[in-house]
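Residue numbers (our numbering): -12 to 110.
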């Protein structure tokens, strides 16, 4: 599967990862295919609500099978197999020879309460 997308102002996460993202324990996200961020400052979004703002500090592309253990741990997984399983759940079949995007980010502002994404999109 060849996938190339432009990343807009939203970096979306599943609910199960939100606490780790907001606390800074999760500071990397691996996305299948070539993901090209258009902005350095992005909103952290989960379940159609904005929870924080983050700076994308680094992006690089590599084959899924060549991901280092440092990336796997920074992503919040215990093993490459666990990461591969999660990627399969999200994207369907994944191939170790396909490119993935490794996106490093730092949360710079947490909101006191989540803001519905619809509030931002109306402007």
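A virtual CB, placed ideally from N, CA and C, is assigned to each residue, including glycine.
Residue burial is scored here from C-beta neighbours: residue 62 has at least 16 other C-beta atoms within 10 angstroms and is therefore classed as buried. Residue 67: member of the alpha helix (DSSP H) spanning 67 to 78, first to last residue.
Boundaries of the beta strand (DSSP E) around residue -9: -9 to -6.
Between residue 50 and residue 85 a beta carbon distance of about 7 Å is seen, short of the 8 Å cut, so the two are scored as contacting. Nearest Cα to residue 106 within the set 89, 45, 36 and 65: 36.
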